[in-house]
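A quick write-up on the structure given underneath.
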Amino acid sequence: MAEQRPADERPTGEDVPRPSVRVRLAGIARGLAVPVLAIFSALVIGAFVIVLSDVTFFERLSADPGGALGTAIGGVLEAYGALFRGALGSPTGYAEAFASGDPAQITKAFVPISETLLAATPLIFTGLAVALGFQCGLFNIGAEGQLYVGAMFGTFAGFAFAGLPWFIHLPLAIGAGFLGGALWGFVPGLLKARTGAHEVIVTIMLNYTAYRLIEYILKVPGYQREGRNDPISKVALESSWFPPLIEGLRANWGFVLGLVAALAVSWLLFRSTRGFEFRAVGFNPSGARAAGMSIAVSTILAMTISGGLAGLAGTSIVLGVTHSLTSGISAGFGFDGIAIALMAGSRPRGIVLASLLFGALRAGATPMQSITGVPIDLVVVIQALVIMFVAAPALVRELYRIRVPETTGLETFAKGWRV
Amino acid sequence: MRLELRGITKRFPGVIANRDINLVVEPGEIHALLGENGAGKTTLMNVLFGLYKPDEGEILIDGKSVSFHDPGDAIAAGIGMVHQHFMLVPVFTVTENVMLGVESVRGPLGQQLDRPAARRRIIEISEAHNLRVDPDARVEDLPVGVRQRVEIIKTLYRRSDLLVLDEPTSVLTPQEDEELFEIMRSLKASGTSIVFITHKLNEAMGIADRITVLRAGRVIGTTTPEEASLEKLAEMMVGRRVSLVVEKKPAKPGATVLEVDDLVVRDDRGHVTVDGLDLQVRAGEIVAIAGVQGNGQTELVEAITGLRQPVGGTIRIQGKPVRHAPRAVLEAGVAHVPEDRLEDGCVPAFTIAENLVLNTYYRKPFANGPQLDRDAIEREATRLVQDFDIRTPSAFNPVSNLSGGNQQKVIVAREFSRPVHLLVAAQPTRGLDVGSIEYIHRRIVGKRDEGAAVLVVSTELDEVFALADRLAVMYQGKIVDVLDPAQATTQQVGLLMGGSRPVGIVEAEAAGGLTHVVTSGG
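Residue numbers (the numbering used here), protein chains in the order written: chain R, 1 to 419; chain A, 420 to 941.
Structure representation (C-alpha cells):
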C-alpha cells in the first residue's frame, strides 16, 4: 500500500502550512456529514416502521391506494412533528407565549427544550467517560456501575451534611459523586495495569457488583429513608441540589457542569501532557513505552477519571432530578454512553452534540406517544438505527455517494474498537 | 510466457501512481523492477495481478490482450505473485496452505480433501527447484525464509509460469538471500519468467537479466547488469547523483560513554540471548555490531535503552549505572532509533509534529507545567521537517501516511535533534531506499562528529562496513570479535557471523583473552 502514498511526490520542504480555516471548515463539514446523514436515514426507516406497524394502512391500501399513502405520509409527519415539538417546542407556542407577555406562560413554552437538556445531561457524562477510555485504548463498559456508585456517594453527601451553605454543599456532593465513580473505575484500571485482567470483563462484573451494592445500601438503616420499606434513600438536602437554570423548569446547572466537563476532558486529552500520554498509549502502547511513558500509570489514571465522569452522571440525576437514590435512576445511561462516544468519534464536542440529539429523542418521545399514539419504542428504534449507520460509515457513504479522500479500506477492520 | 505491459496508467486521488508504463518480460527471464519506495512498483504489479484496474493501457500475454478482473483471472492466466506480506494461514500445514483454493478432492461425491495427492506434488515441486520444506509442518512454526518458499510453491502448484516476487529479500538474512537466488536461477532454467521487485541495487545487478528502473511512477529506462553500474542505477532511481560510500574522516575517540560488562539478558521466552557480553563505546566513534538476526542484538539494544530488564551484568553510561527504564535512559542522554520503527519508534496515528516530541513532550519548551505548548511544538516541527527533509505536505499529517523512508526520517529527526552522549541505532536503514540510506548514514556520521558515542546494530554487512570505526561481530549472545573495518574483509566477518573463527583470533584469545582484543580494536 505504501506505494500509492502521495506524500512523497509533493516535495515541500520550504513551508509547512498549518491547515487553513477553509480546510478546517471542510474537515468539520466532512466530519458532520456522516452523523447528519445517519440521522436522516434513521428517520426515513423510522417512517417506514410507523407506516407498516399501522394495521389499518394495509386495509386501506387495497381499497384506496392513493388515499392510504396520503394518510400514511400525514401520519408520519404528525408523529415526527409531535416528536420535534416535544423536544424543541413549537414555533406557535413560543409566539403565543411571548405575545401574552405572561412570564409563567413563556417559561412553559420552554419546557420541551428544558426536558431535552435534562435528558442530555447524564448522557454527556457517560459519553465523556467512555470516550476518555477509548482514547487511552480502554473499553469501559462499566459506566453504568460507576454511575450508580457515584450516585450512591453523591446522595450520601447530599443528605448527611446538614447546615452547609449551597456553595459548599453542592461542590462537596459533586466531588463525592466523582470519587465514587472514580473508585469503581480505579479497580479495573489497577487490575489491568498490574495483572493484565481485561477491563471489559472486569467492568462488566463490576456493573453487577454495583447493582447489588445499591440494593444493599438502600436497605441499610441510616441510608434508607425512615418509615419506608421499599429501597429508597433519604432525600438529599436542598443545599446540595443543582439549582434550575430558569425557575420553573426542570433543566438545571447539572447540564452546565456537563459542558464544563466536556471542556475539561477536551483540554485533558488534547492540550495536556497527560492526555498526550493517554492517546499515545491508546494508539500504540509499545511506542509509548519506548518513548518513556508509563502504560500502567496511563491505564490506571484514565480508568479512574473515566469512572469519575460516569459517577458525575449519577450525581447529576440525583442532585438535579430525583433528589434521592433508587435502583432505577439510570435507564441505561451508561450503555448509551458507549453509543454516544462511538457516534462522536470520542471527541468531546461531538459527545455534547450527540447527547443533545439523544436527549431530544427521549424528551420528544412521550408527547409523541400521547398525541399520536406512536409508541415511545419508536425512538429506541431510531436511536439504534442512528448508531448502526454511524458505526458503518462506509454504508452511509455508499448510500449517499460521498467521496472519501485517501482511504485504504483496510484500516476500518484493523483498528478493533478504537474509533 | 511473454508478458507485455503497454501504456499502463493508474491514478489514485491526488496522485498518479503509474504513468504510461511499458514493460516486456521475455520467457525465462529474470526481470528486476528497481525503484525507491513510492516509485509505483507494487502498484504496477497489483495492476498486473488484477487487484487494481488500470485507467489506461493494456496487458498482453503471448501477444494477446487480456484483462483481469481479480487475482483469480491472473492466476488462471499463469501469473503467480509472492507478496511482501505473506498470505498464509498460520495454523494450517504447508500442504493445506498450498492447496487452499485449488483443493484436490477424492471420494465418490468429491467431498474429501486429497491431501496425499497434494503432498506428492509439493514434494515434486520442491525437489525440482531445491525448495526445501516439510509439507507437514505447520506454517506458524516455520521461519520467514521457509514461509517464503511455501509462497513460491503455492504459485508453482497453480502452474504459474510468470512469478512476481515483491521485495522478497526484505525479510531474509544474507544467507537466505543466496538460497532464494539459487531457487530463482533454477526456476529460470525451467523456463519460468520472474519479475523481481527490489530497491536494492546489488541484488538487481547480481541476479537480473534485465533491469527496469521506475521513478515517480514512470519508467526511467531498461538496462542490463552488463551495461549498468551501481552508480548509474542509483542515479536513475533517485534522479540525482548519489554517493554510495559514506564519506567520513577518521574517528577521534574520546572518553568511554557506554560500558557494558558481563551482560546477561533473556528474551520473551526466557532464553538467554545475551550471554555475558562486554562492550565499550567511546565518544566520537561509531561501533557497528554485525550479526545474523536473532543472535541477541535485539535484546542487547533493548537492555541498553531500558526496554528490557537484564538478568545480570552492568550497563554504565558516562560511568554511572542507569535505572532500566526508557525515560531514565533517555534523561541520561541516550537517543534510540529502534529496530521496529512502527512498533517502538513512533505512534503512527499521531501527527508528525506529535511524533517529533514523543519523548520530550513533558519538558520545557514543549510543556508548561501540565499543559502542552502547541506553538512551541509547532515551531519545532516546522524546523525539523525542514532540517531533516521530511517530505510531507504538512507537519500535521499522520506519520502512517508517510513512506517508510520519511517515517524513519521523523524518528531520526526526533532522536538526532537533541544533544545526546550516546546514540543507539538498530537497523537504521532497513527497508529504505538508496536516497534515504545515504541521508541517514550521513546523519549518523554527523552525530559522531559532534562527539556522540554511536552504537549501530545492523544485519546488512554493507552498512556495517560503511559506518563502523570499530566493527564488532555478535554471535550467540557474545561479541566474538572486534575488527578494524579498514582491514577486515567481508568474508572474514561473514565467517565470524556464522560462528566459525579464523585461526589468528583463537590464538589471540589464548594469549590475552578477548577483552584484550576488544580494547585494542579501537
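C-beta: ideal position from N, C-alpha, C; glycine also.
Establish whether the CB of residue i and some CB of chain C are separated by less than 8 Å.
i, result
"T273 of chain R", "Given the protein chain composition of this structure (R and A), no chain C is represented."
Please state whether the Cβ-Cβ distance between residue i and residue j is less than 8 Å.
i, j, result
"A744 of chain A", "A872 of chain A", "no"
"V318 of chain R", "I124 of chain R", "no"
"A754 of chain A", "L842 of chain A", "yes"
"V583 of chain A", "V501 of chain A", "yes"
"G185 of chain R", "Q146 of chain R", "yes"
"G454 of chain A", "H618 of chain A", "yes"
"A182 of chain R", "G307 of chain R", "yes"
"T315 of chain R", "G133 of chain R", "no"
"P375 of chain R", "M303 of chain R", "no"
"L749 of chain A", "L719 of chain A", "no"
"A795 of chain A", "F807 of chain A", "no"
"L791 of chain A", "T273 of chain R", "yes"
"G497 of chain A", "L591 of chain A", "no"
"S877 of chain A", "A709 of chain A", "yes"
"A143 of chain R", "A310 of chain R", "yes"
"A290 of chain R", "D687 of chain A", "no"
"V676 of chain A", "H840 of chain A", "yes"
"L880 of chain A", "T909 of chain A", "yes"
"V864 of chain A", "V657 of chain A", "no"
"R326 of chain R", "C136 of chain R", "The question names Arg, but residue 326 of chain R in the sequence shown is Thr. For T326 of chain R and C136 of chain R, no; Cβs fall outside 8 Å."
Tell me whether residue i is buried or exposed, calling it buried when 16 or more other Cβ atoms sit within 10 Å of its Cβ.
i, result
"R194 of chain R", "exposed"
"L77 of chain R", "exposed"
"M368 of chain R", "buried"
"Y894 of chain A", "buried"
"Y148 of chain R", "buried"
"Q531 of chain A", "exposed"
"V922 of chain A", "Caution applies to V922 of chain A, whose pLDDT of 49 falls short of 50 and renders its modelled position unreliable; the model cannot decide the point."
"T56 of chain R", "exposed"
"G332 of chain R", "exposed"
"T643 of chain A", "exposed"
Below 7 Å CB to CB, which residues in the same chain sit around residue i once its five sequence neighbours on both sides are set aside?
i, result
"L117 of chain R", "A251, F255 and G359"
"S545 of chain A", "R551, V552 and I572"
"S836 of chain A", "L803"
"H548 of chain A", "I602, S605 and L606"
"T407 of chain R", "In this prediction, T407 of chain R scores a pLDDT of 37, lower than 50, which makes its location untrustworthy; the coordinate-derived value is nonetheless stated afterwards. Nothing listed; no residue qualifies."
"G488 of chain A", "The sequence as given places His at residue 488 of chain A; Gly does not occur at that position. Correct list, in chain order: G469."
"G941 of chain A", "Bear in mind that the predicted position of G941 of chain A carries a pLDDT of just 30, short of 50, making it too unreliable to give a figure here."
"L915 of chain A", "V892, Y894, V899 and D900"
"I45 of chain R", "L385"
How long is the line joining the alpha carbons of residue i and residue j, rounded to whole angstroms?
i, j, result
"A173 of chain R", "G163 of chain R", "14 Å"
"G101 of chain R", "T366 of chain R", "28 Å"
"E515 of chain A", "V508 of chain A", "9 Å"
"E199 of chain R", "A129 of chain R", "14 Å"
"N825 of chain A", "D852 of chain A", "10 Å"
"R735 of chain A", "I705 of chain A", "17 Å"
"R912 of chain A", "V875 of chain A", "In the sequence on display, residue 912 of chain A carries Val and not Arg. Whole-angstrom Cα-Cα distance: 16 Å."
"T433 of chain R", "L356 of chain R", "What is shown of chain R runs 1 to 419, which leaves residue 433 of chain R out entirely."
"G422 of chain R", "G222 of chain R", "No answer is possible for residue 422 of chain R: the residues shown for chain R start at 1 and end at 419."
"G177 of chain R", "A151 of chain R", "6 Å"
"D54 of chain R", "G31 of chain R", "36 Å"
"L218 of chain R", "E226 of chain R", "11 Å"
"R421 of chain A", "T631 of chain A", "16 Å"
"A653 of chain A", "L620 of chain A", "7 Å"
For residue i, which residues in the same chain have their Cβ closer than 6 Å to its Cβ, ignoring the five residues on either side in sequence?
i, result
"S523 of chain A", "D533, A536 and A537"
"D8 of chain R", "Caution is warranted here: a pLDDT of 39 is assigned to D8 of chain R, below 50, making its placement in the model unreliable, and the coordinate value is therefore given only provisionally. Hits under 6 Å: none found."
"F468 of chain A", "P490, A493 and M500"
"G350 of chain R", "A344"
Can you give me the Cβ contacts of residue i inside the same chain, cut-off strictly under 8 Å, excluding the 5 residues immediately before and after it?
i, result
"L777 of chain A", "C765, V766, F769 and R833"
"G287 of chain R", "A280"
"I809 of chain A", "I771, L803, L821, N825, K828, V829 and A832"
**Asked** Counting Cβ pairs, one atom from each stretch, are 3 or more of them under 8 Å apart for the segment 83 to 90 of chain R and the segment 320 to 333 of chain R?
**Response** no
**Prompt:** Touch check for the segment 26 to 39 of chain R and the segment 374 to 392 of chain R: three-plus C-beta pairs under 8 Å?
**Reply:** yes
**Asked** Are there three or more Cβ pairs, one per stretch, closer than 8 Å when the segment 426 to 444 of chain A is compared with the segment 632 to 648 of chain A?
**Response** yes
**Message:** Taking 8 Å as the cut-off, does the segment 421 to 430 of chain A touch the segment 53 to 69 of chain R (at least 3 CB pairs, one atom from each stretch)?
**Reply:** no
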